[in-house]
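Colleague:
In our numbering, the protein residues as written are 11 to 242.
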């Protein structure tokens, strides 16, 4: 039995090494990770829709996303979801809470089939003590996360819901240059409002001939006016 466990552990470790060395983004973060820390990583798979951890649980692990898309969200007392961010391969989870074993600020869910490398708090702290390069990466990640959350909080306070929806549509139009996939539930979670509020604003934009709605897609008819609505 112990032999089988050791073989499985060895197989997991080799799989971790293959993934890290074969991907430039992952290698950039882990290239100076001590060998005994590399051996401690666990590879975990999460099918689409799986809850990776829940808001309020105690953080005892550090996570590195190596595959998939991850939704980070908070849940209000009335059950409404408020989307904070969408993470992807190369992003990390738990870096804010792990030092003091704090409760997770947000819940984290796999939007697509995902794979994460997981490290215990003890091994994470050992890694920080041994690898100054990783120290700098963590500082950069925390700084960037604080900046993005502060920016989002400022936009939520300074801009109306109408402006924020117009801005999202404008940005997606700039990226796609075609019909925009419409997910009212996702917009509702992103802005922490009821779906009817999203429907009302989309209906107003349609009545003003700024957009057209075709089933589950939005066509931008007047990009200039859409941008003006986002700015004023």
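Cβ atoms here follow ideal geometry from the backbone N, Cα and C, with glycine treated the same way.
For residue 252 and residue 174, I'd like the C-alpha separation in whole angstroms.
Modeller: Any answer about residue 252 is impossible in this case: the structure gives the chain only from 11 up to 242.
Colleague: DSSP on residue 204, reduced to helix/strand/coil?
Modeller: Here residue 204 sits in coil by DSSP.
Colleague: Taking all protein chains shown into account, decide if residue 73 is buried (16 or more other Cβ within 10 angstroms of its Cβ) or exposed.
Modeller: Buried: at least 16 other Cβ atoms inside 10 Å.
Colleague: I'd like the list of long-range same chain contacts for residue 70, defined as Cβ closer than 6 Å, with 5 residues on each side in sequence excluded.
Modeller: Once the five neighbours on either side are set aside, the close Cβ partners of residue 70 are 131.
Colleague: Put residue 228 into one of helix, strand or coil per three-state DSSP.
Modeller: Residue 228: strand per DSSP, three-state reduction.
Colleague: Which class does residue 34 belong to by DSSP, given the choice of helix, strand or coil?
Modeller: Residue state, collapsed to three classes: helix.
Colleague: Would you give the residue range spanned by the alpha helix (DSSP H) that residue 143 belongs to?
Modeller: Residue 143 -> alpha helix (DSSP H) spans 142 to 168.
Colleague: Please classify residue 167 as buried or exposed, where buried requires at least 16 neighbouring CB atoms within 10 angstroms.
Modeller: With fewer than 16 other Cβ atoms within 10 Å, it is exposed.
Colleague: Can you tell me whether residue 158 is buried or exposed? The criterion is at least 16 other CB atoms within 10 Å of its CB, across all chains shown.
Modeller: By the neighbour-count rule (16 or more Cβ atoms within 10 Å), residue 158 is not buried but exposed.
Colleague: Are the beta-carbon atoms belonging to residue 216 and residue 123 less than 8 Å from one another?
Modeller: No; because the gap between Cβ atoms is not below 8 Å, this pair is not in contact.
Colleague: To test your reading of the DSSP string, which unbroken beta strand (DSSP E) runs of 3 or more residues are found completely within the stretch 100 to 124?
Modeller: Entirely contained in the stretch 100 to 124, the beta strand (DSSP E) runs reaching 3 residues are, in chain order, 117 to 120.
Colleague: Taking the continuous alpha helix (DSSP H) assigned at residue 181, which residues delimit it?
Modeller: Note, residue 181: alpha helix (DSSP H), 171 to 186.
Colleague: Please return the same chain residues whose Cβ sits closer than 6 Å to the Cβ of residue 232, not counting the five positions on each side in sequence.
Modeller: Excluding positions up to five away in sequence, the list reads 220.
Colleague: For the alpha helix (DSSP H) that contains residue 79, what are its first and last residues?
Modeller: Per DSSP, residue 79 belongs to no alpha helix (DSSP H) and is neither H nor E.
Colleague: Alpha carbon to alpha carbon, how far is residue 152 from residue 82?
Modeller: Cα to Cα, residue 152 sits roughly 15 Å from residue 82.
Colleague: Quick one: give me the first and last residue of the beta strand (DSSP E) that residue 96 is part of.
Modeller: Note, residue 96: beta strand (DSSP E), 91 to 97.
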